[in-house]
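Undergrad: Next up is a structure, given as structure tokens.
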Amino acid sequence: MTTDTHRAIEAVWRIEAPRLIAGLTRLVHDVGTAEELAQDALVAALEQWPAAGVPGNPGAWLMTTAKRRAIDQIRRNETFRRKVEEVGRDLQESSPDIGALVAEDDGIGDDRLRLVFVACHPVLSTEARTALTLRLLGGLTTDEIARAFLVPEPTVAQRIVRAKKTLAQARVPFEVPQGDELAARLASVLEVVYLIFNEGYSATAGDDWMRPALCEDALRLGRILARLAPREPEVHGLVALMEIQASRAVARTGPGGEPVLLADQNRARWDHLLIRRGLAALDRAEALIDDEPGPYVLQAAIAACHARATRFADTDWSRIARLYERLARTMPSPVVELNRAVALSMAYGPETGLALLDQLTALPALRGYHLLPSVRGDFLSRLGRHAEARTEFERAASLTRNERERTLLLDRAAGCD
Amino acid sequence: MRFMVITKATADSEAGRPPATEDFATMGSFIQELMDAGVLLAADGLHPSTQGARIYFDGEKKTVVDGPFTETKELIAGFFLVETKSLEECVEWFKRCPMPRTADGEQPNLEIRRVIQAEDFEAAMTPELRAAAEQRDQESRYN
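First to last, the protein sequences are chains C and D. One gets the numbering used here by counting positions in the first sequence from 1 and adding 252 to each. One gets the numbering used here by counting positions in the second sequence from 1 and adding 13 to each.
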């Protein structure tokens, strides 16, 4: 077989896998079986396409092949007798023959949305949800997932097998949750997507390229989700947040791989196409909100404040401080408060920031968190209280586990004279 | 990976003749499909070259020539910007792009080119080149 055909088949798989698996899950009511059937169809393609050529409509070819196999398998297997009846009934209900069933295109979007909710179901661990989502909806191979998450391939394969078993045992229905359940289940989906994004975003220059590519995978998943659930402001909020953060990916590391702070980033290197897309997604989210925005929309709004500022000095810090205040109410966290203190100090001077910070020092959650003394040191140094600032920087340096950051902090401590 | 998919011009596109209504709709659904898959970043069509201009550089001399330009098949009529996992995936998507024949039987071609992103530069750049680029960026910020 030529490598060209092989790579073409891989590309078709990437495009068709989510639709294929979603459509098959509707038929067999089990994600695991659906994925196996889809894989079988792919194997058939690998056998037949190199000689016969890639068919005109490869997606339909794969779906027909998989559905025929589904029916064969069910007919052959005695233990599946009950399912034969179910599937038979389904087939009869939806259409009289397989050809027509395959041609039927309705509800594919809904099927993919159902698949998203199944893959991100709360019965699964976060790792399982992440792996399954990338596998079923991102069209990634287990090997690609393993390389991106820096774990051995068998571990990922095991995780996916176990996840599918768990879903079957828990009899997780293939449906989009309704009513009160929707918000919580959607949060679980968005969490998985953002986690994938952050895995990619935290990758360093020397990492395998599969790792930073996770940002693109997450963005793609987010964009798909925004099309599947266009009425959900938090989905657009997450897309906006990821687009804007991704726009800074290149500017936030220096030539030696060291982190470059927002204040020092060369804004000409930001990806303005992604910024524009992010701001548009934020507009869509805000147009859908009738009460208080959720955490992703608020975080996106904060990111947008930075994106809109052509120069660091143009940043609208009082708006950022207000947004952090709202975020602290929706998603209370000491880290959010810390960020609010920074925004306040930028908007109204270091005293204002310091006042909020002093309330935070007592919180047990922030004990040992190096950013607290680091930010405090910064405020004190801006107030001219150099001796106190040095003590704070030194404390921050002793708390951080990042070598580069330690150097940076010790430099700042030494500069306090 | 980011790709620019370039639609080449036809006599029709150069004459500013809009596509037939049904062709417009087919293209619309193809674009929808790209959006549903989270692949499309941007897409735009271009006005005929009559509404454009060229700048020829010869040393310090600059000559501006207004359109139209004659070599139709080499002209650009529009573009898509997409993000896919590989060139093959991009090719696979755009084999599905509706490309109807124009009234005079012409069918435009697509050209797929990979967009250079900062990380591609990074690999080829020496520290000296990088420093120079930084300097240039710094200066251009204030211009």
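Even for Gly, the Cβ is constructed at its ideal location relative to N, Cα and C.
Could you spell out where the alpha helix (DSSP H) holding residue 89 (chain D) opens and where it closes?
TA: Segment 89 to 96 is the beta strand (DSSP E) holding residue 89 (chain D); no alpha helix (DSSP H) there.
Undergrad: On the three-state DSSP scale, how would you describe residue 542 (chain C)?
TA: Coil.
Undergrad: If we ignore side chains and look at the alpha-carbon of each, how far apart do residue 57 (chain D) and residue 92 (chain D) end up?
TA: The alpha-carbon atoms of residue 57 (chain D) and residue 92 (chain D) are separated by roughly 6 Å.
Undergrad: Apart from the five residues on each side of it in sequence, which residues of its chain come closer than 6 Å, Cβ to Cβ, to residue 575 (chain C)?
TA: Once the five neighbours on either side are set aside, the close Cβ partners of residue 575 (chain C) are 550, 553, 554.
Undergrad: Just to confirm, are residue 94 (chain D) and residue 17 (chain D) a CB contact at a threshold of 7 Å?
TA: Cβ distance < 7 Å, so residue 94 (chain D) and residue 17 (chain D) count as in contact.
Undergrad: Residues of chain D with CB closer than 9 Å to the CB of residue 487 (chain C), please, in chain order.
TA: Within chain D, no residue comes near residue 487 (chain C); the closest Cβ sits about 12 Å away, beyond 9 Å.
Undergrad: Using a C-beta cutoff of 7 Å, does residue 261 (chain C) count as contacting chain D?
TA: No, residue 261 (chain C) lies away from the interface with chain D (no Cβ there is under 7 Å from its Cβ).
Undergrad: Pull up the CB-CB distance for residue 405 (chain C) and residue 394 (chain C), whole angstroms please, since I reckon it's below 8 Å.
TA: At roughly 6 Å, the Cβ-Cβ gap stays under 8 Å, so residue 405 (chain C) and residue 394 (chain C) are in contact.
Undergrad: Let me see if you follow: with CB-CB separation under 7 Å, is residue 87 (chain D) close to chain C or not?
TA: No, residue 87 (chain D) lies away from the interface with chain C (no Cβ there is under 7 Å from its Cβ).
Undergrad: Start and end of the alpha helix (DSSP H) containing residue 417 (chain C)?
TA: First-last of the alpha helix (DSSP H) with residue 417 (chain C): 405 to 421.
Undergrad: To which residues of the same chain is residue 529 (chain C) closer than 6 Å at the C-beta, ignoring the five residues directly before and after it?
TA: Counting only Cβ-Cβ distances below 6 Å, and skipping sequence neighbours, we find 495.
Undergrad: Between which residues of its own chain and residue 266 (chain C) is the CB-CB distance below 7 Å, once the five residues before and five after are set aside?
TA: Same-chain partners within the cutoff: 391.
Undergrad: With a CB to CB cut of under 6 Å and the five nearest residues on each side skipped, what residues in its chain are close to residue 503 (chain C)?
TA: Closer than 6 Å at Cβ, skipping near neighbours: 517, 518, 521, 522.
Undergrad: Please list, in chain order, the chain D residues whose beta carbon lies closer than 8 Å to that of residue 479 (chain C).
TA: 48, 49, 51, listed in chain order.
Undergrad: Using a threshold of 7 Å, state whether the C-beta atoms of residue 586 (chain C) and residue 617 (chain C) are closer than that.
TA: Taking 7 Å as the Cβ cut-off, residue 586 (chain C) and residue 617 (chain C) qualify as a contacting pair.
Undergrad: Run through DSSP, which three-state label would residue 52 (chain D) get?
TA: Looking at residue 52 (chain D) - three-state DSSP - the assignment turns out to be coil, as it is neither helix nor strand.
Undergrad: Ends of the alpha helix (DSSP H) at residue 401 (chain C)?
TA: It spans 394 to 401 - the alpha helix (DSSP H) in which residue 401 (chain C) sits, taken as one unbroken run.
Undergrad: Judging by CA-CA distance, which residue of C:370, C:423, C:436, C:452 is the nearest neighbour of residue 398 (chain C)?
TA: For the residues C:370, C:423, C:436, C:452, the minimum Cα distance to residue 398 (chain C) belongs to C:452.
Undergrad: My output table needs one value for residue 20 (chain D): the three-state DSSP class, helix, strand or coil.
TA: Note: residue 20 (chain D) maps to strand in three-state DSSP.
Undergrad: Indicate the three-state DSSP secondary structure (helix, strand or coil) for residue 78 (chain D) in the structure shown.
TA: If DSSP states are grouped into helix, strand and coil, residue 78 (chain D) belongs with the strands.
Undergrad: State the Cα-Cα distance for the pair residue 348 (chain C) and residue 322 (chain C), rounded to the nearest angstrom.
TA: Only weak support is given to the placement of residue 348 (chain C): the predicted model assigns it a pLDDT of 37, under 50, and the value that follows is read from those uncertain coordinates. Roughly 16 Å separates the two Cα atoms.
Undergrad: So, does the stretch 601 to 609 of chain C touch the stretch 619 to 629 of chain C, judging by three or more C-beta pairs under 8 Å?
TA: Because the criterion of three Cβ pairs below 8 Å is met, the stretch 601 to 609 of chain C and the stretch 619 to 629 of chain C touch.
Undergrad: So, for residue 43 (chain D): in the same chain, excluding its five sequence neighbours on each side, which residues have a beta-carbon less than 7 Å away from its beta-carbon?
TA: The answer, listed in chain order, is 109, 110, 111.
Undergrad: Using a Cβ cut-off of 9 Å, pull out every chain C residue sitting near residue 55 (chain D), in sequence order please.
TA: Ordered by position in chain C, the residues that pass the 9 Å Cβ test against residue 55 (chain D) are 525, 528, 529.
Undergrad: I'd like the list of long-range same chain contacts for residue 365 (chain C), defined as Cβ closer than 7 Å, with 5 residues on each side in sequence excluded.
TA: So the list reads 428, 480, 481, once near-sequence residues are dropped.
Undergrad: Beta carbon of residue 599 (chain C), beta carbon of residue 589 (chain C): below 7 Å?
TA: Cβ atoms of residue 599 (chain C) and residue 589 (chain C): not closer than 7 Å.
Undergrad: Would you call the stretch 77 to 90 of chain D and the stretch 22 to 40 of chain D in contact, with 3 or more CB pairs under 8 Å?
TA: Contact holds: three or more Cβ-Cβ distances are below 8 Å.
Undergrad: Leaving out five residues before and five after residue 640 (chain C) in sequence, what residues of the same chain have Cβ atoms less than 7 Å from its Cβ?
TA: The residues are 632.
Undergrad: Along chain D, which residues have their Cβ under 7 Å away from the Cβ of residue 468 (chain C)?
TA: Correct list: 96.
Undergrad: Measuring only the C-alpha atoms, how far is residue 493 (chain C) from residue 542 (chain C)?
TA: One C-alpha to the other measures close to 20 Å.
Undergrad: DSSP three-state call for residue 349 (chain C): helix, strand or coil?
TA: For residue 349 (chain C), the pLDDT reaches just 41, beneath the cut-off of 50, and the residue's location in the model is therefore unreliable, leaving the point undetermined.
Undergrad: Which residue from C:388, C:441, C:396 puts its Cα closest to that of residue 416 (chain C)?
TA: The shortest C-alpha separation from residue 416 (chain C) is found at C:388.
Undergrad: So what's residue 127 (chain D) in DSSP terms, helix, strand or just coil?
TA: Looking at residue 127 (chain D) - three-state DSSP - the assignment turns out to be strand.
Undergrad: Is residue 119 (chain D) close to chain C, meaning its C-beta is less than 7 Å from at least one C-beta of that chain?
TA: No, because no Cβ of chain C sits closer than 7 Å to the Cβ of residue 119 (chain D).
Undergrad: Closer than 8 Å by beta-carbon distance: list the chain D residues that pair up with residue 476 (chain C), in chain order.
TA: Here the neighbours are 49, 50, 51.
Undergrad: How about residue 423 (chain C) and residue 383 (chain C): do their beta carbons lie closer than 7 Å?
TA: Their beta carbons are not under 7 Å apart, which means residue 423 (chain C) does not touch residue 383 (chain C) by this criterion.
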